[in-house]
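Student:
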Ligand code: PEP
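Numbering (UniProt numbering), first residue to last: 5 to 266.
#1: According to DSSP, is residue 15 part of a helix, a strand, or is it coil?
#2: Quick one: does the C-beta of residue 187 sit closer than 8 Å to a heavy atom of the ligand PEP?
#3: Do you know how far the Cα of residue 94 is from the Cα of residue 88?
#4: Excluding five sequence neighbours on each side, which residues of the same chain lie with their C-beta closer than 8 Å to the C-beta of residue 72?
#5: Contact defined as beta carbons within less than 8 Å: I believe residue 261 pairs with residue 39. What is the distance between those atoms, to the nearest angstrom?
#6: Going by DSSP, what residue range makes up the alpha helix (DSSP H) through residue 108?
#7: Output yes or no for whether 9 Å exceeds the beta carbon distance between residue 136 and residue 96.
#8: Which residue's Cα is closest to the Cα of residue 56: 155, 189, 102, 47?
#9: Going residue by residue through the stretch 130 to 170, where are the continuous beta strand (DSSP E) segments of at least 3 residues, counting only ones entirely within it?
#10: Could you spell out where the beta strand (DSSP E) holding residue 222 opens and where it closes?
#11: For the ligand FAD, I want to know if residue 151 counts as a neighbour, meaning its beta carbon is within less than 8 Å of at least one of the ligand's heavy atoms.
#12: If you run the structure through DSSP and keep just helix, strand and coil, what is residue 75?
#13: Per the DSSP calculation, residue 178 is bridged to which residue(s)?
#14: Cutting at 6 Å between CB atoms, please list the residues of its own chain near residue 131, excluding the five before and the five after it.
#15: Among residues of its own chain, excluding the 5 on either side of residue 140, which ones have a beta-carbon nearer than 8 Å to its beta-carbon?
#16: I'd like to know whether the C-beta atoms of residue 112 and residue 17 end up nearer to each other than 9 Å.
#17: My output table needs one value for residue 188: the three-state DSSP class, helix, strand or coil.
#18: With which residues is residue 49 paired in a DSSP beta bridge?
#19: Quick test of your reading: residue 265 and residue 42, contact by CB under 8 Å. State the CB separation rounded to the nearest angstrom.
#20: Go through its chain and collect everything with a Cβ distance to residue 250's Cβ below 7 Å, but skip five positions before and after it.
#21: Please tell me whether, using a cut-off of 8 Å, the distance from the CB of residue 288 to the nearest non-hydrogen atom of the ligand PEP is below it.
#22: Just the Cα atoms here: how many angstroms apart are residue 244 and residue 217?
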């Protein structure tokens, strides 16, 4: 990551309700905070289930939603409308009360809940309007990977999910390249494969938003990242950190943060 502050984000998915979430954060906070003091440390963002955000915030004792906090909070999803008759949804302004960040378009949302690039784009624009940092997830599935469609899929997803950003917004978003075949499978991509696709994403981004935006936008890798393989990914110039699923649920997450230092 050439001059870009790396991000290590933990996507807890549907794990840890308020009680367990508070207990886990109590357990990891001292060592995690200490690990984050070292030079070259990444920005660390915890993304618990929405119902556990307040409990985690209370443990972390974050004074306000400001990004001055050492450990930031993110939601895993949200709707794009501000309020109203949308049973079961949470809005950008609600998320903004507790979080700096929101994960959008995760492959599980696309696969199980039918989210399209168009919906992800609406959510991305809504997040930016509310001063939330979107982490927009893209990535090909196994069949697309094997039939050589990755570049095409990535191009389509970047153009549609990330459409209509202002030049300022184009600098602020974060993209997560998450090949679906690597998520939760223990079969991480190699650093070389991930860097090659991420370089293509950056080139595509440059074609839309220009060289300046493409040089500052952070692009993360996600898919079976562990404390053993994070350093390999961080060694590549286009990879600016990781979105971590399963391995963010254990104290070993602290070692991912440590081993990501640059
Ligand atoms: C994810 O869901 O964003 C993810 C990368 O999961 P895992 O690390 O478990 O593969």
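By construction, the Cβ of each residue, glycine as well, lies at the ideal position given by its N, Cα and C atoms.
What you are looking at is a predicted structure, and each value in this text was computed from that prediction instead of being measured.
Tutor: So, from the data block:
#1: strand
#2: yes
#3: 10 Å
#4: With a pLDDT of only 46 at residue 72, under 50, the local geometry of the prediction cannot be trusted, and the value read off the model is given with reservation. Answer for residue 72: no residue qualifies.
#5: 5 Å
#6: Residue 108 -> not in any alpha helix (DSSP H); beta strand (DSSP E) instead, spanning 105 to 108.
#7: The answer is yes: Cβ separation under 9 Å.
#8: 102
#9: 137 to 142
#10: 222 to 226
#11: Looking at this structure, you won't find the ligand FAD anywhere; what it does contain is the ligand PEP.
#12: strand
#13: According to DSSP, which records beta bridges pairwise, residue 178 is partnered with 139, 222.
#14: 96, 106, 138
#15: 108, 109, 124, 128, 165, 166, 177, 178, 179, 180
#16: yes
#17: coil
#18: 13, 76
#19: Sure, about 6 Å apart at Cβ, within 8 Å.
#20: 188
#21: Since the first residue shown for the chain is 5 and the last is 266, residue 288 is missing from the structure and cannot be characterised.
#22: 14 Å
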